[in-house]
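Numbering (this note's numbering), first residue to last: 103 to 538.
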Amino acid sequence: MKLTYLSAALLLASPLLQAQSLDLNLTNSMPAIEKLYLDLHQSPELSYHEQQTGKKIAAQLTKLGFEVTENVGGYGVVGLLKNGNGPTVMIRTDTDGLPITEQTGKAYASKVTVTDAQGATVGVMHGCGHDIHMSSFVGTAQQLVKHKDAWQGTLMMVAQPAEEVGAGAKAMLYEGLFTQYVKPDHIIALHVSASVPAGKVALKNGYTMASVDSVDISIKGKGGHGAYPHTTIDPIVIAARTVLALQTITSRELSPLEPSVITVGSIHGGAKHNVISDEVKLQLTLRSYNPDIRNAQIAAIKRITAGIAQSAGLDEALYPTVHVHEDESIPSTYNTPAQTNLVRQSIANAIGAGNVLDTPAVMAGEDFGLYGRTDENIPITLFWLGGVNQQKYVEAIKTGNTLPSLHSSKFAPDYKVALPTGIKAMSNAAVALFNQ
Ligand SMILES: [Zn+2]
Ligand SMILES: [Zn+2]
């Protein structure tokens, strides 16, 4: 009786162990994936304009047998593949490029330009590596279809637009991503890293990326002649005081144990040497992990700006206005620990434990975090896919030179190494989640 029980347990366990490390031979599939990467790289589209990109992803998924819906939340794509009974695993890529003129010097550099709202010509580039994400995503879909025998459940491939403006995840969720299609049990994504060597992956449990808020402050004054300041209330002086006072929110008001960034990224006021203007405009970015900290930042900004205006003698009607762009607000990304541990283990089995690094959290933001903050409370994991050419990485350490960051015109990931690593890591993570 005991023996029978044991052998049944072994039978159950053995396919699971095998499945957790898919031994992928990518030799035959990489040329097509690299070709796709180069095509995507050379045809980037800005946020809200990812129409052709969406079509390309949809065509790839359709070819693989997915049930595909296009134009979800803008130019988003949802692909579903049912493969027996089991959990639903959602894999997400983002699809948009950035208004950056590529200066990598690569033969395959993007030459795409668009005309911006002011009529100026600007280059467009996949400066955040979303082309790497999409190519790994398609490669992963291919491998999971090819190795259907290693997992059971529903594979949900989601290509999300408008990540760079914090709008795409929100728009797809708003259009019923979890209610009109299927509710995932697990959600995973990768982001290429500009500081981790290609061939490696880095990840962290818990908070891994910050929340992002854009805030506009309009500081009012009473303008007049620059030679008669006593007849005015100078908004430039109020703005100067305000910028300094804002520095005390993080340093004096919030717990030093809670990460918080308040950056004034733009300040505009006045038009001439001898004119005191009526208004100064500030643009801020706020970052944090804890939603309570985010709320405390905003409350403090409102209180401090109003207090300084009052001390300058302005009437309440002329107190500054503080506008939080709620439509662009994104929460922090919290990697669910239990799921992230499983993802880490499965990637280590696939690419070697030495190639899986721990990484500190960053104050950059990603709207991926939103998928883990819906009422459905679905576990999410985002991991970093190394993108830096190994030789350049070693040189940078030797010389102390900094490497081009994400969003740099010189960011050129080592795609030939990063792509197969991304496909192996993501395919194995998905299989582990299906089989846990
Ligand atoms: Zn980005
Ligand atoms: Zn990005």
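From the three backbone atoms N, C-alpha and C, an ideal C-beta is built for every residue, glycine too. As the structure is a computational prediction, the values presented were derived from the model and not from experiment.
{"Asked": "Contact set for G229: own chain, Cβ-Cβ below 8 angstroms, skip 5 residues either direction", "Found": "G199, L200, I202, E204, L508, H509, S510, S511, F513"}
{"Asked": "8 angstroms contact criterion, which D315 and V170 should meet: CB distance rounded", "Found": "Actually they are not in contact, since the Cβ atoms of D315 and V170 sit about 34 angstroms apart, beyond 8 angstroms."}
{"Asked": "E147 Cβ short of 7 angstroms to ligand 1 heavy atom set", "Found": "no"}
{"Asked": "Cβ-Cβ distance between Q399 and S362 below 8 angstroms", "Found": "yes"}
{"Asked": "For S320 and T423, the rounded distance between their alpha carbons", "Found": "5 angstroms"}
{"Asked": "Beta carbon nearer than 6 angstroms to a non-hydrogen atom of ligand 1", "Found": "C230, E266, L508, H509"}
{"Asked": "Beta-ladder partner(s) of I335, from DSSP", "Found": "K324"}
{"Asked": "Span separating the alpha-carbon of P263 from that of L521", "Found": "20 angstroms"}
{"Asked": "CA-to-CA distance, T206 to T438, given in whole angstroms", "Found": "36 angstroms"}
{"Asked": "Reduced DSSP secondary structure (H/G/I, E/B, other) of S521", "Found": "A quick correction: the sequence has Leu, not Ser, at residue 521. The answer is helix: DSSP assigns L521 an H, G or I state."}
{"Asked": "First through last residue of the beta strand (DSSP E) which encompasses F485", "Found": "482 to 490"}
{"Asked": "Close Cβ partners of Y283 (< 8 angstroms) along its chain, the five nearest in sequence each way excluded", "Found": "T171, V180, L182, M258"}
{"Asked": "DSSP beta-bridge partners of H375", "Found": "According to DSSP, which records beta bridges pairwise, H375 is partnered with nothing at all."}
{"Asked": "Cβ-heavy atom distance, H427 to ligand 2, below 7 angstroms", "Found": "no"}
{"Asked": "At least 3 beta-carbon pairs within less than 8 angstroms: the region 330 to 347 vs the region 496 to 503", "Found": "no"}
{"Asked": "DSSP-derived helix/strand/coil call for D318", "Found": "strand"}
{"Asked": "Cβ-heavy atom distance, H143 to ligand 2, below 7 angstroms", "Found": "no"}
{"Asked": "Expected contact under 8 angstroms - CB spacing of V240 and V458 to nearest Å", "Found": "Not quite, the Cβ-Cβ distance comes to about 23 angstroms (not below 8 angstroms), so this is no contact."}
{"Asked": "Candidates G471, K383, G367, of which the one nearest A373 by Cα", "Found": "K383"}
{"Asked": "Collapsed DSSP secondary structure at N185 in the structure displayed", "Found": "strand"}
{"Asked": "H228 beta carbon near ligand 2 (any heavy atom closer than 7 angstroms)", "Found": "no"}
{"Asked": "Near ligand 2: D88 beta-carbon under 7 angstroms from a heavy atom", "Found": "Within the shown structure, residues of the chain are numbered from 103 to 538, placing residue 88 beyond reach of any answer."}
{"Asked": "Cβ-heavy atom distance, D233 to ligand 2, below 7 angstroms", "Found": "no"}
{"Asked": "In DSSP terms, what S368 is bridged to", "Found": "Q385"}
{"Asked": "Simplified DSSP assignment, three categories, for H235", "Found": "helix"}
{"Asked": "I395 vs L356 beta-carbon contact at 8 angstroms", "Found": "yes"}
{"Asked": "Those runs of the alpha helix (DSSP H) which lie wholly inside the region 214 to 261 and span at least 4 residues", "Found": "232 to 248"}
{"Asked": "Among T223, G156, T435, D233, the one whose alpha carbon lies nearest that of Q144", "Found": "D233"}
{"Asked": "Boundaries (first-last residue) of the alpha helix (DSSP H) holding R396", "Found": "393 to 413"}
{"Asked": "Alpha-carbon spacing of L105 relative to T483, whole angstroms", "Found": "At L105, the pLDDT of 36 sits below 50, so the modelled position is not reliable; the number obtained from the coordinates is stated separately. Near 39 angstroms, if we compare the C-alpha coordinates of T483 and L105."}
{"Asked": "Presumed contact (8 angstroms Cβ cut-off) between T197 and M236, rounded CB distance", "Found": "6 angstroms"}
{"Asked": "Beta-carbon gap between Q254 and G188 smaller than 8 angstroms", "Found": "yes"}
{"Asked": "For I202, the three-state DSSP class (helix, strand or coil)", "Found": "coil"}
{"Asked": "Same chain, Cβ closer than 8 angstroms to K503, neighbours up to 5 away in sequence not counted", "Found": "Lys is not the amino acid found at residue 503; the sequence shown has Asn there. Cβ within range, chain order: E497."}
{"Asked": "Collapsed DSSP secondary structure at D380 in the structure displayed", "Found": "coil"}
{"Asked": "Range of the contiguous alpha helix (DSSP H) that encloses I135", "Found": "132 to 144"}
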